[in-house]
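K.L.:
Quick one: the structure is below, questions incoming.
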């Protein structure tokens, strides 16, 4: 085999291709997981209706629900070896990783807590910069 030295353009092309394949795989798996969880839970419409629409009230409601379950943002952080502040960023801005962890702790789906941050398939919306 001939060894070819790759240019920066070639490397970026390969990275972009790999990222697209990963994101497509993630979307397919996410749709399967969400569909399965939606079939299982009949309480999702009830829990979605009780989530406050006001952002400040929603933050407090999430903290309250965690406290009822004997959890906190700090405990979620400790479970994943990170600080409470990192987890709490999900309360203020879109952060799908921690939104998922918080929602899982509440036995909910992230799009039930933050419908404004997800499309109708439950896939996180990207922020436009």
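Numbering (this note's numbering), first residue to last: 249 to 377.
Glycine included, each C-beta is placed from N, C-alpha and C at the ideal position.
DSSP has residue 366 in a bridge; who is on the other side?
P.N.:
For this step, residue 366 is matched to residue 118 along the chain shown. 372, per the DSSP bridge assignment.
K.L.:
Determine the DSSP secondary structure at residue 357, reduced to helix, strand or coil.
P.N.:
By 1-based counting over the chain shown, the position of residue 357 is 109. Coil at residue 357, not helix or strand.
K.L.:
Under 9 Å, Cβ to Cβ, is there at least one residue of chain D near residue 359?
P.N.:
No chain D appears in this structure, which consists of one protein chain only.
K.L.:
Would you call residue 366 buried or exposed, if buried means 16 or more other Cβ atoms sit within 10 Å of its Cβ?
P.N.:
Position 118 of the chain shown, counting from 1, holds the residue named residue 366. Residue 366 is buried by the Cβ-count criterion.
K.L.:
When we look at the beta-carbon of residue 358 and count the other beta-carbons within 10 Å, is it buried (16 or more) or exposed?
P.N.:
By one-based count along the chain shown, residue 358 stands at place 110. Classification for residue 358: buried.
K.L.:
Under 9 Å between the Cβ atoms of residue 353 and residue 314?
P.N.:
The residue given as residue 353 occupies position 105 in the chain shown. The residue given as residue 314 occupies position 66 in the chain shown. Their beta carbons are under 9 Å apart, which means residue 353 touches residue 314 by this criterion.
K.L.:
How close, in whole Å, do the beta carbons of residue 310 and residue 361 come, if the pair is a contact with beta carbons under 8 Å?
P.N.:
One-based indexing of the chain shown puts residue 310 at position 62. One-based indexing of the chain shown puts residue 361 at position 113. Rounded, the Cβ-Cβ distance is 7 Å, consistent with contact.
K.L.:
Just to confirm the assignment, what range does the alpha helix (DSSP H) spanning residue 319 have?
P.N.:
By one-based count along the chain shown, residue 319 stands at place 71. It is not in any alpha helix (DSSP H) - residue 319 carries neither H nor E in the DSSP assignment.
K.L.:
Quick check: the Cα distance between residue 372 and residue 343, rounded to an integer number of angstroms?
P.N.:
Here residue 372 is taken as the residue at index 124 of the chain shown, counted from 1. Here residue 343 is taken as the residue at index 95 of the chain shown, counted from 1. Spanning the two alpha carbons is a distance of roughly 9 Å.
K.L.:
Would you kindly work out how many angstroms separate the C-alpha atoms of residue 355 and residue 374, rounded to a whole number?
P.N.:
Mapped onto the chain shown, residue 355 falls at position 107. Mapped onto the chain shown, residue 374 falls at position 126. Those two C-alpha atoms are separated by around 24 Å.
K.L.:
Ends of the alpha helix (DSSP H) at residue 301?
P.N.:
Here the question's residue 301 lines up with position 53 in the chain shown. Bounds of any alpha helix (DSSP H) do not take in residue 301, whose DSSP letter is neither H nor E.
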